[in-house]
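Numbering (full-length UniProt numbering), first residue to last: 1 to 205.
Next comes the structure, spelled out in structure tokens:
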């Protein structure tokens, strides 16, 4: 997806959180350099627009969507950067909420592309702490739960999903949402939540 539109940055305050808000840019540069050095085509695709309110309502409560857009305290709590409570919400919408909406739109697009081309990656996706009723852990919108509801609604309600979560923290957001899904849909979702060891040998960014 378009990396410039999805960058999370607010005058350096994002560095106050242990989460690396620049990791998406770092991964993008790592991959583009890797593929270029190996002479392999590297193609990126961007959503045509950010996710809209009607689409967010497929998974989120209207009140939460309202609070995310107009309540600075909600964003401060979600990002765990509490000093931005005093920042007017219209500034936070532009600097923080809009990038998260682009990331969420990228998640939906990548799901469609995976069904078409057998695989796709959204570098800004996997906001696994956000749920229908809560934004937390530097995750604003529940893109994982939204993907499932979106594709069931607009494409095929018989689709099955497998969530493989390798983050060091539990994916409490989508796991909470699954309990709220009707049983006929819940039975179509398989979860493998295996925390990735931070001491494991892997790519260093």
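Here a beta-carbon is modelled for each residue, glycine too, at the ideal position from N, C-alpha and C.
Nearest C-alpha to residue 148 among 49, 88, 104: 104.
A check of alpha carbon separations from residue 99 across 192, 125, 188 identifies 125 as the nearest. Excluding five sequence positions before and after residue 132, the CB atoms of its chain that fall closer than 8 angstroms to its own CB belong to 59, 60, 61, 64, 142, 145, 176, 177, 180, given in chain order.
In the three-state reduction of the DSSP assignment, residue 121 falls in the coil class. With respect to the 7 angstroms criterion, residue 84 and residue 76 are classified as neighbours on the basis of their beta carbons.
Listed as beta-bridge partners of residue 191 by DSSP are 163. Scanning its chain for C-beta atoms nearer than 8 angstroms, with the 5 sequence neighbours on each side dropped, one finds around residue 88 the residues 72, in chain order. Boundaries of the alpha helix (DSSP H) harbouring residue 149: 143 to 154, taken from the DSSP string.
Under DSSP, no beta-bridge partner is assigned to residue 133.
Spanning the alpha carbons of residue 173 and residue 37 requires a straight line of approximately 38 angstroms.
If you draw a 10 Å sphere on the C-beta of residue 56, you find 16 or more other C-beta atoms in it, and that means buried.
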